[in-house]
Structures are given as C-alpha cells and as structure tokens.
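This report concerns only the one structure given below.
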Amino acid sequence: MSEPPVLEVSDLKTHFFTKAGVARAVDGVSFSLARGEVLGLVGESGSGKTVTGFSLMGLVDAPGRVVGGSIRLGGEELVGKSERDWRSLRGRKIAMIFQDPMMTLNPVLRVDTQMIEAIRAHEDLSEEAARERARAALARVGIPSPDERLVAYPHQFSGGMRQRVAIAIALLNEPDVIVADEPTTALDVTIQAQILYEVQKLCADTGLAMIWITHDLAVVGGLADRVAVMYAGRIVEEGPVGEVLDGPLHPYTRGLIGSVPSHNRRGRRLTQIPGMAPSLLALPPGCSFAARCPRADSLCTAMPELVPTEGDRAVRCHHPHRADEPAIEGGSA
Amino acid sequence: MSVFILRRLLQSALVMVAMAMIVFFGIHMVGDPVYMFVSPDMDQADIDQVTRALGLDRPIWEQFWAFMTSAIQGDLGRSFVFGESALGLILQRMPATLELAFSALLLAVVLGIPLGLYAGLYPDSKTSKTIMAGSILGFSLPTFWVGIMMIMVFAVVLGWLPSTGRGDTVDVFGVKLSFLTLDGLRHLALPALNLALLKISLVIRLTRAGTREAMLQDYIKFARAKGLSRNRIVGVHLLKNILIPVVTVLGLEFGSLVAFSVVTETIFAWPGMGKLLIESIQQLDRPVIVAYLMMIVFLFVIINLLVDVVYSLLDPRVRLADRGN
Chain A
1 MSEPPVLEVS DLKTHFFTKA GVARAVDGVS FSLARGEVLG LVGESGSGKT VTGFSLMGLV
61 DAPGRVVGGS IRLGGEELVG KSERDWRSLR GRKIAMIFQD PMMTLNPVLR VDTQMIEAIR
121 AHEDLSEEAA RERARAALAR VGIPSPDERL VAYPHQFSGG MRQRVAIAIA LLNEPDVIVA
181 DEPTTALDVT IQAQILYEVQ KLCADTGLAM IWITHDLAVV GGLADRVAVM YAGRIVEEGP
241 VGEVLDGPLH PYTRGLIGSV PSHNRRGRRL TQIPGMAPSL LALPPGCSFA ARCPRADSLC
301 TAMPELVPTE GDRAVRCHHP HRADEPAIEG GSA
Chain B
334 MSVFILRRLL QSALVMVAMA MIVFFGIHMV GDPVYMFVSP DMDQADIDQV TRALGLDRPI
394 WEQFWAFMTS AIQGDLGRSF VFGESALGLI LQRMPATLEL AFSALLLAVV LGIPLGLYAG
454 LYPDSKTSKT IMAGSILGFS LPTFWVGIMM IMVFAVVLGW LPSTGRGDTV DVFGVKLSFL
514 TLDGLRHLAL PALNLALLKI SLVIRLTRAG TREAMLQDYI KFARAKGLSR NRIVGVHLLK
574 NILIPVVTVL GLEFGSLVAF SVVTETIFAW PGMGKLLIES IQQLDRPVIV AYLMMIVFLF
634 VIINLLVDVV YSLLDPRVRL ADRGN
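Residue numbers (the working numbering), protein chains in the order written: chain A, 1 to 333; chain B, 334 to 658.
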C-alpha cells in the first residue's frame with residue numbers, strides 16, 4: 001500500500017485491575033487500517049474485541065486501563081494523551097457506533113439536539129449551519145424526510161432507523177475512522193443488509209476507514225476487506241477476508257467457520273469448538289487456545305508469535321492448517 | 334391531554350368522597366366533644382342543649398349528609414371552639430405552612446441534587462461517603478429530636494437564630510410572608526431545615542442512584558464518544574434523565590411536607606395549619622379536623638395531577654403515549 005495507513009495499532013495492551021486479579025482483556029493487539037478499508041474484528045464474547053474498540057476511543061473506564069502499546073491516528077500517537085485531547089479527538093477524528101441502537105440515543109433529547117451538540121462540540125458553528133449539516137447527514141444514511149425526523153425523539157424511530165441516526169451522528173464531523181461495535185447485531189436481517197450496503201458505499205465514496213467489530217462471520221464476509229480474528233485478548237489470525245474465510249490457517253478460525261449454520265450441510269450436526277473460552281483472569285501459559293485445540297501438543301505450552309505468511313496474512317499458531325485445505329471437513333455445502 | 338386530565342379529575346372526585354366518608358365516620362368513634370364544652374355542674378338538660386346546638390343529636394348518617402351537602406357548596410362546617418368556619422381557620426394558617434413547606438422543598442432540591450450528583454459521579458471519594466453517611470442520619474433521626482437539638486445548638490448555645498414564631502412578615506396581597514424580611518428569614522431557617530432534612534436525604538439518595546445507573550448507560554458512553562464536554566454530559570444528558578424520578582418523588586413528597594409539618598410546627602411554634610390541627614385534636618374540634626384532613630387529601634390529589642403533567646413535559650415518551658390514546 002503506497003499511502004500510509006490512517007490508523008496503526010501496535011502491541012496494544014488494555015488490562016482490567018479487578019479485585020480477583022488482572023484481566024488482560026487486550027494483550028498485544030496490532031493491526032493497521034488504510035483509508036477506505038473495512039477491518040472486521042471477529043471473536044467470541046469476551047475475546048477482547050469490544051475493549052479494543054473502546055481503547056481506540058480512549059473510553060476504557062476504571063478499573064481498566066491501556067497499559068502499553070501505541071495507537072497512531074494519521075501519524076499522531078494517541079496513547080498517553082490527556083482527557084482533554086481525547087475529548088477533542090473523539091467524534092471529530094475517530095467516531096464510534098454502538099451495538100444496541102435502542103440504548104445509544106438519549107431518550108429525553110430530540111435528535112436535532114443530539115446531532116447539533118456533536119457538531120458544536122468540535123466546531124464553532126452557528127446553530128443554523130449545524131442543523132443544515134445534521135440534515136444532510138441524515139439524508140446521507142438514507143433517512144426519508146430528514147427535516148421532520150430532526151425534531152423527533154428517539155423512541156419515534158424504529159431500531160434500524162435509530163442505528164442510521166447513530167451512524168449519521170458518527171459521520172457528522174467526517175472522521176477518519178469509525179469503530180462500529182456490533183452495530184447490526186440487534187437488527188433483523190433485512191435491515192442489517194440495508195445498513196451494510198449503505199456503510200460499504202460510504203467507505204468507498206468518502207475514504208472513511210472502519211473497524212467492524214462482530215461475531216457474525218457472514219457480515220464480515222460481505223462487508224470487510226480484511227479480517228482479524230481475536231481469541232482471549234490476542235489476534236490469532238489476520239488477512240484478506242476472502243482468503244481467511246476460504247482457507248483458515250488457525251484451528252480456532254476453522255472452528256468458528258465450521259460452527260456457522262449456513263456452511264453446514266442439511267441434516268448434519270453443527271460442528272462446535274469443544275470447551276469454553278478461558279477466563280481472562282487465569283490464562284494458561286502458552287497458546288490460550290491449546291486446551292480446546294485438536295492439534296495441540298507439547299509445543300503449544302509456549303506462546304506462538306503472530307507470524308506473517310504468504311498473501312499478506314498472519315497466523316499465531318505452532319501447527320497452522322494449510323491454506324488450500326477445505327474450510328469444512330467433507331467439503332463445503 | 335385534556336381527556337387525560339378530565340379522567341384524572343373524575344377519579345380524584347371519587348377519592349375525595351371516599352376519604353370524606355372514612356374521615357367523618359372515623360372521627361366520630363373517638364371521644365365525645367360535648368364533654369369538652371360542658372362543665373361538671375351542668376345538668377342533663379343543659380348538656381342536651383349543647384349537643385343539639387352542635388348538631389350532634391341527630392343520627393350519624395344525617396350528620397354526614399348535612400356535612401356533604403354543605404361541603405359541596407364549599408362549607409366544611411364551623412369550628413366548635415372558635416365558632417368560625419373551619420375552612421376559613423385553616424386557610425388563614427395555610428400561607429405559613431405553605432411557606433415552610435416550599436422552603437423545605439427548595440432546600441431539598443438545592444442541596445439534595447448537587448450532593449447526590451457528586452456522590453453518584455465520584456462514588457469512591459471520601460466526600461461522597463460522608464454525604465451518604467449524612468443522608469442515613471437524615472433518614473433515621475426522628476424529626477422532633479433533630480428539631481429540639483437544632484434549637485439547643487443554634488438558638489440556645491450559639492444564639493444565632495430564633496427558635497419560635499415567624500418573625501417580621503410582609504403583606505403580599507393580604508397574605509403574610511416571612512421570607513421577604515431578614516428577620517423572617519432568620520425565623521424560617523431552622524424549621525425549614527428541620528422539615529427538609531428527610532427530603533434532602535431522599536433527594537441525595539435518588540439522585541445518586543439515578544446518576545450511578547445512568548452513567549453506565551450506552552447513551553452516556555455514546556455522548557462521550559461524540560466528544561462532548563463533561564459539563565454537557567452531566568448537565569444535559571444525565572440530569573434530564575435523572576430529573577424524571579426526582580421530580581415525581583419530590584412532587585408526591587410535597588404533600589407529605591405539608592401534612593407532616595405538624596411536628597416541626599409544634600416544635601418551633603410555627604403558626605401554621607399543623608399547629609392548628611394538634612390543638613383541634615386536643616380539643617376534639619371535629620369540624621376543623623375533618624376540614625384539615627379534607628384539605629390534605631385535596632392537596633395530594635392536586636399534586637398528583639400536577640406531577641403527571643410535569644412528568645409528561647420532562648419525558649417525551651409519556652407525552653406521546655398519551656397523545657396516541
């Protein structure tokens with residue numbers, strides 16, 4: 001890639017200092033994001049994908065703290081910035097969309113209030129100009145009759161419409177990066193498809209880069225350019241989305257893909273990954289997936305590194321699969 | 334909205350009638366007021382005459398009917414003791430009580446909300462823990478004891494504030510008000526604080542609980558993600574949400590401030606309705622007691638109605654749900 005990446009995260013560590021011990025929710029995550037690129041961040045609940053998102057926004061609350069690593073946005077180092085600097089960055093350079101659209105908009109404030117304040121927090125703009133920009137943002141995410149919708153309250157919108165409003169708010173100040181934390185999980189499938197389509201168009205049209213946090217591989221397959229699979233606070237596999245989904249190298253990625261219903265043949269049992277995700281408070285030494293991994297052996301008691309492989313991919317495994325092995329045993333349906 | 338208010342008014346009327354029955358028949362079970370007005374050397378004929386004069390010789394349902402028919406016309410009977418209209422007596426003393434209650438309400442809001450916000454935003458700080466400990470005291474110490482202690486400390490030992498009466502008053506449209514003069518304010522300070530203590534504690538706890546709950550909500554995190562200043566998040570996004578329960582509870586509590594100012598008024602010799610009630614109970618002045626209780630019920634009914642209206646102004650969801658009906 002000739003252009004420098006818009007966002008570069010290296011060795012990011014976010015730990016939670018609880019009474020029961022230190023939970024290493026994010027433990028050495030690195031990735032980079034180019035302009036207009038969509039990175040899918042995939043993993044089970046508790047794999048650290050949401051905490052990664054909040055770390056990028058500087059929104060990790062006590063007892064959590066970013067304890068190491070670097071986040072560079074447009075070349076500017078964000079780790080260690082004061083709350084004041086963070087506040088000026090949030091919503092202007094990097095914005096976030098949350099999972100549940102029913103909860104993200106303040107129920108007692110009108111949509112225009114919530115949009116205009118987001119603009120005026122960063123720019124000395126007249127109320128009128130801000131309202132005009134808010135109107136344009138609503139129109140851009142496909143909300144019909146934006147003038148009427150501006151003076152409505154959140155409860156007058158459907159879930160899908162609310163998520164569009166949230167996306168419009170994230171777009172207001174034309175940020176470089178949007179962190180989307182499972183924004184379509186709470187929506188039904190048709191609405192989800194519409195929103196994915198809009199988002200894809202936005203990224204292509206404006207050069208907006210996006211981190212799409214999800215556990216839904218189908219969404220990632222349809223939307224993202226690259227995918228990073230997280231397990232127990234670390235990235236275990238990364239690469240272009242098509243190649244990773246077609247020929248996963250890490251046994252965990254294979255397990256995830258194998259457990260997606262649409263990839264299985266009719267009448268066959270869904271394959272599942274045996275065991276449970278480990279507690280972040282008591283991670284075993286070595287590969288954290290070893291206990292559930294069919295390929296684990298004595299080598300796996302040492303932590304494998306995330307090593308680059310061919311085709312701009314990387315995998316953290318002592319015994320990776322070959323890329324040309326079929327993703328599902330017995331051939332795909 | 335108007336349909337809603339009309340429906341509520343009808344319900345309120347029913348409550349008033351039911352309450353009138355309970356109060357009227359209930360009060361007739363305690364004591365015989367006739368014996369408060371006769372001397373031991375009177376003979377039976379004299380006693381009968383007093384009974385007739387007070388209208389107590391007729392059967393109770395007849396008395397109730399007479400009471401209700403005149404009550405509808407705004408006459409709640411005449412005081413046995415003063416010989417004046419019972420309602421008039423109460424209304425005369427009402428401004429003093431209302432002044433006290435409003436002052437207490439103001440104190441509860443002005444002190445309770447900021448303290449509660451602070452305790453909710455910084456739950457682990459020493460100041461917050463002190464605030465919360467204080468609110469437990471405010472809840473658990475009995476009003477009369479605190480009142481007496483306040484008189485001890487501020488009036489007797491320190492001599493800063495007067496302990497009884499209203500002090501200088503100013504006439505505004507024929508209503509005497511204390512808070513417009515410095516002397517009146519000095520007289521108002523102790524009883525108002527005494528009456529407010531419980532409500533301050535209540536508001537602190539409500540505000541703190543609301544704050545702690547709201548701060549975890551996604552909309553607060555989303556507001557932070559928009560890059561809003563902390564003042565805007567707390568002052569607008571948070572406050573507007575937690576004001577809903579606070580306004581509701583405070584509105585309802587205002588009725589109890591008026592009703593239970595009885596204790597405070599007695600301790601500080603505040604010439605309000607509460608003091609009148611205590612005196613009337615001691616003298617078995619039935620019409621005044623009944624009129625007072627009816628007044629309080631009326632007050633509660635009106636307050637409940639107002640709270641609903643204000644609530645709908647604060648919460649757009651309630652407003653629209655009603656419009657949809």
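Positions of the beta carbon are idealized from the N, C-alpha and C atoms, including for glycine.
Taking the C-beta atoms as reference points, A/Leu12 is found nearer than 7 Å to A/Val29. A distance below 7 Å separates the beta carbons of B/Ile600 and B/Phe477. A/Ala121 reaches chain B at Lys559, Gly560, Leu561, Ser562 and Arg565, counting residues in chain order whose Cβ is nearer than 9 Å. Along the stretch 117-143 of chain A, the positions whose C-beta sits under 7 Å from a C-beta of chain B are Glu117, Ala118, Ala121 and His122, read in chain order. In the DSSP assignment, B/Ala592 falls within the unbroken alpha helix (DSSP H) covering Leu572 to Ala592. Taking 8 Å as the Cβ-Cβ cut-off, the stretch 564-590 of chain B approaches chain A at Arg565, Val569, His570, Lys573, Asn574 and Ile577, given in chain order.
When secondary structure is reduced to three states using DSSP, B/Gly449 falls in the helix class. Neighbourhood of B/Arg650 in chain A, by CB distance below 7 Å: Pro107 and His155, in chain order. Straight across, the Cα-Cα distance linking A/His122 with A/Arg92 is about 7 Å. In this structure, A/Leu208 places its C-beta atom within 7 Å of the C-beta atom of A/Leu202. Interface annotation, B/Asp551: in contact with chain A, CB-CB separation under 7 Å. Runs of the beta strand (DSSP E) lying entirely within the stretch 494-531 of chain B and spanning at least 3 residues, in chain order: 503-505 and 508-510. Under the three-state reduction of DSSP, B/Ser534 is assigned to helix.
Look at A/Thr104: its C-beta is under 7 Å from a C-beta on chain B. In this chain, B/Gly492 is not harboured by any alpha helix (DSSP H), its DSSP state being neither H nor E. Partner residues in the beta bridge of A/Glu237, as assigned by DSSP, are A/Val229 and A/Val315. Residues of the stretch 468-493 of chain B with a Cβ closer than 7 Å to any Cβ of chain A: none. Non-local C-beta neighbours of B/Glu598 in its own chain, meaning closer than 6 Å and more than five positions away in sequence, comprise Gly605, Gly607 and Lys608, ordered along the chain. Taking a C-beta cut-off of 9 Å against chain A, the contacting residues of the stretch 616-648 of chain B are Leu647 and Asp648, listed in chain order.
Fully enclosed alpha helix (DSSP H) runs of no fewer than 4 residues occupy 111-120, 127-140, 146-150 and 159-171 of the stretch 107-171 of chain A, in order along the chain.
Residue contact check for A/Phe98 against chain B: a CB pair falls below 7 Å.
Beta-bridge partners of A/Ala180 (DSSP): A/Ile97 and A/Trp212.
In the three-state reduction of the DSSP assignment, A/Pro308 falls in the strand class, which pools E and B. Residues of chain B with a Cβ closer than 8 Å to the Cβ of A/Ala95 are, in chain order, Ala558 and Lys559. Counting the other CB atoms within 10 Å of its CB gives A/Asp112 a total of 16 or more, which places it among the buried residues. With contacts defined as CB atoms closer than 7 Å, A/His318 and A/Leu306 fail to qualify as a contacting pair. B/Pro447 is the residue among B/Asp374, B/Pro447, B/Leu433 and B/Ile611 whose C-alpha sits nearest the C-alpha of B/Val567.
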